[in-house]
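Read through the structure below, which is laid out as C-alpha cells, and then see the notes.
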Amino acid sequence: MTSLNRLAHKVAIVTGAASGIGSATARLFADEGATVIAVDRPGSAIATVHADQPRIVPLAQDVTGEGAPEAIVVAALAAGGGLDILFNNAGVSANALGELTTDAQWDNTFAVNVRAVFRLCRAAIPALRERAATTGRARIINTASVMAQRTDIGLSAYTASKHAVAGLSKTLALELGKYGITVNYLLPGAIHTGMTAASFQDEKIRAVWAKKAALRRLGQPIDMARSVLLLASDEADFITGHGLVADGGLTLRT
Ligand SMILES: NC(=O)c1ccc[n+]([C@@H]2O[C@H](COP(=O)([O-])OP(=O)(O)OC[C@H]3O[C@@H](n4cnc5c(N)ncnc54)[C@H](O)[C@@H]3O)[C@@H](O)[C@H]2O)c1
Numbered sequence: 041m042t043s044l045n046r047l048a049h050k051v052a053i054v055t056g057a058a059s060g061i062g063s064a065t066a067r068l069f070a071d072e073g074a075t076v077i078a079v080d081r082p083g084s085a086i087a088t089v090h091a092d093q094p095r096i097v098p099l100a101q102d103v104t105g106e107g108a109p110e111a112i113v114v115a116a117l118a119a120g121g122g123l124d125i126l127f128n129n130a131g132v133s134a135n136a137l138g139e140l141t142t143d144a145q146w147d148n149t150f151a152v153n154v155r156a157v158f159r160l161c162r163a164a165i166p167a168l169r170e171r172a173a174t175t176g177r178a179r180i181i182n183t184a185s186v187m188a189q190r191t192d193i194g195l196s197a198y199t200a201s202k203h204a205v206a207g208l209s210k211t212l213a214l215e216l217g218k219y220g221i222t223v224n225y226l227l228p229g230a231i232h233t234g235m236t237a238a239s240f241q242d243e244k245i246r247a248v249w250a251k252k253a254a255l256r257r258l259g260q261p262i263d264m265a266r267s268v269l270l271l272a273s274d275e276a277d278f279i280t281g282h283g284l285v286a287d288g289g290l291t292l293r294t
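The sequence shown maps to residues 41 to 294 in our numbering.
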C-alpha cells in the first residue's frame, strides 16, 4: 500500500516494537512519516530490527522499570521535540487455570499489561497536552485484546489485565478529552505474532483459529498496524474511549 504521509511531522512512541503488532505498527507509522521511538526489552531485537528505517529510533528499555516511563518520554522529546501519539502495546500472556495461577504469574502479567501502561500514560500526558494545545490533537492507543470483552479457560490473569486496560483507557478518555487527547484501545483477535507463534506452528491449531473467524484467516501484524493507524490518524478526531475490535469476525458468534 502506498504511503499517504498520514503521520507527517508527528512523533510517536510504540512499545513492544521489536516483534509482532508493535513492530509492524512502528514501521507503518514511520512509513507514514512519523518519527517513532520504538521501545522493547534490552536483549530483544530492538537494536537491529528497524535499522533500515531512519525514522525509527530504537530504545532498549523494559517498560516495567522504575524510571522507564520518564526515560521513554525524554527519548521522544529528544528525537522529535514533542509527542503526538503514544501506543502502549508491550504485553505478555499467561496461561494457567485460576486455581493454579501463581502470585508471580499474576504480578508479572499485571506489571507489564496494566501497571506499565498506566505509568507511561501518566508520564506522557504533559507532553501530549502540550502538543494538543498547539496542534489540536494527540493520541493514546492501548493494546487490549478480545479478552477485554470475553475470556477462555486458563486466562484469568491475562483476561483480568486486558479488562483493566479497557477500564483505564475509558477513564483517561473521559479525563483528557477536554485537551483534545483521544484515548482508544485495540482488541486484536487471533494474530500470528511472537506471542502466538508456538501454538500457531501447529497447523491444526492454526486451522481451528482461522476457521473461527468470519474472514477465515488469522490476523497478521500488519492488520493490527492498519487498525492502530486508523485510531492514530487525524480522521479519528471524534473517536475516543472506543475499543476497536480487530479480529476478522472471530468473536461474532455466540
Ligand atoms: N497475538 C495475538 O493474538 C494477540 C491477541 C490479542 C492481544 N494481543 C496483544 O498484543 C500486544 C502485542 O503482542 P504481540 O502479539 O505482538 O506479541 P509479541 O510477543 O510478538 O510482541 C510483544 C513485544 O512486547 C515486548 N515486551 C514484553 N514485555 C516487555 C517489557 N516488560 N518491556 C518492553 N517490552 C516488552 C516483547 O519483547 C515483544 O517484542 C500484547 O499486548 C498482546 O497482549 C495479542
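No residue lacks a Cβ here, since even glycine has one placed at the ideal position from N, Cα and C.
Using only the alpha-carbon positions, how far apart do G295 and G283 sit?
The structure shown does not extend to residue 295, since the chain is modelled only from 41 to 294, so the question has no answer here.
Output the residue ranges of the alpha helix (DSSP H) runs that lie fully inside the stretch 176-225 and measure 4 residues or longer, sorted by chain position.
196-216
So is G288 buried or exposed if we call it buried at 16+ other beta carbons inside 10 Å?
buried
Delimiting residues of the alpha helix (DSSP H) encompassing T65
G60 to D71
Nearest candidate by alpha-carbon position, reference A52, set E139, C161 and G107:
C161
Contacts around I86, its chain only, beta-carbon distance under 8 Å, and the 5 residues preceding and following it disregarded:
A57, A58, A78, V79, D80, P98, L99 and A100
Apart from the five residues on each side of it in sequence, which residues of its chain come closer than 6 Å, Cβ to Cβ, to L126?
I53, A164 and I180
Check the DSSP bridge columns for V89 and list the partner residues they point to.
Its beta-bridge partners do not exist; DSSP assigns none.
Alpha-carbon to alpha-carbon, P94 and L68
13 Å
Other residues of its chain near A66: CB distance less than 7 Å, five sequence neighbours each side excluded:
V54, A57, V76, A78, H90 and I96
Going by alpha carbons, who is nearest to I231 out of Q260, A265, V205 and T104?
Q260
Relative to ligand 1, is the shortest distance from any of its heavy atoms to the C-beta of N129 smaller than 7 Å?
yes
Is the beta carbon of I125 within less than 7 Å of some heavy atom of ligand 1?
no
Can you check whether the CB of R169 is closer than 8 Å to the CB of D274?
no
Should L258 go down as buried or exposed, given a rule of 16 or more other Cβ atoms within 10 Å for buried?
buried
Taking three-plus beta-carbon pairs below 8 Å as touching, is the stretch 221-229 in contact with the stretch 205-213?
yes
The alpha helix (DSSP H) that contains F150, what's its start and end?
D143 to F150
I'd like to check one pair, V154 with A184: are the Cβ atoms closer than 8 Å?
no
Closer than 7 Å: is that where the CB of A24 sits relative to any heavy atom of ligand 1?
The chain is shown only over 41 to 294; residue 24 falls outside these bounds and no answer can be derived.
Specify whether the stretch 192-200 and the stretch 135-149 touch according to this definition: at least 3 beta carbon pairs, one from each stretch, less than 8 Å apart.
yes
May I have the straight-line CA-CA distance separating G83 from D102, to the nearest angstrom?
10 Å
Run the proximity test for S239: is its beta-carbon closer than 7 Å to any non-hydrogen atom belonging to ligand 1?
no
For the beta strand (DSSP E) containing V51, list its first residue and its last residue.
V51 to T55
Assign F127 to one of three DSSP states: helix, strand, or coil.
strand
Sorted by chain position, which residues of the same chain lie with C-beta nearer than 8 Å to T141's C-beta, five sequence neighbours on each side aside?
A134, S196 and A197
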